[in-house]
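In our numbering, the protein residues as written are 3 to 135. Take a look at the structure below.
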């Protein structure tokens, strides 16, 4: 009987004090909230990215089809007299358009905020608040 009482007493002494348990519970709840916030923020960014990509690809395809029809019309008009000039001009226009799109895409990519930047900022604020004034 005394062994059972001793083992029950040892089991209860392994438990952390109530104040530490409350602190741990609050920390886990804050972490859970931040992870939920990060998940929502990630979802918002992914939806925005998908929407932007769909419209960008659609606009580029429409512009390229229109440009291709224009180049074909130019080549057909100049076929008898300056067909090489028409082909070179069409190729140059497509090359310049590709370079312009690559430049704009790289600029947008480098200027965009990180996906979880707001969550990281919030965690930094929480950390400063926890340290105290």
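The C-beta atom is built at its ideal place from N, Cα and C for all residues, glycine as well.
Host alpha helix (DSSP H) of residue i (start-end)
i, result
"residue 118", "Note, residue 118: premise wrong, no alpha helix (DSSP H); not H, not E."
Whole-Å CB distance - residue i paired with residue j, under 8 Å assumed
i, j, result
"residue 34", "residue 125", "About 13 Å separates the two Cβ atoms, so there is no contact after all."
"residue 88", "residue 80", "4 Å"
"residue 31", "residue 118", "Their Cβ separation, rounded to whole angstroms, is 20 Å, which puts residue 31 and residue 118 out of contact at 8 Å."
"residue 95", "residue 73", "7 Å"
Nearest residue (CA-CA) to residue i, options the options
i, options, result
"residue 91", "100, 83, 77", "77"
"residue 68", "99, 30, 28, 52", "99"
"residue 106", "71, 62, 122", "62"
"residue 51", "128, 123, 130, 110", "110"
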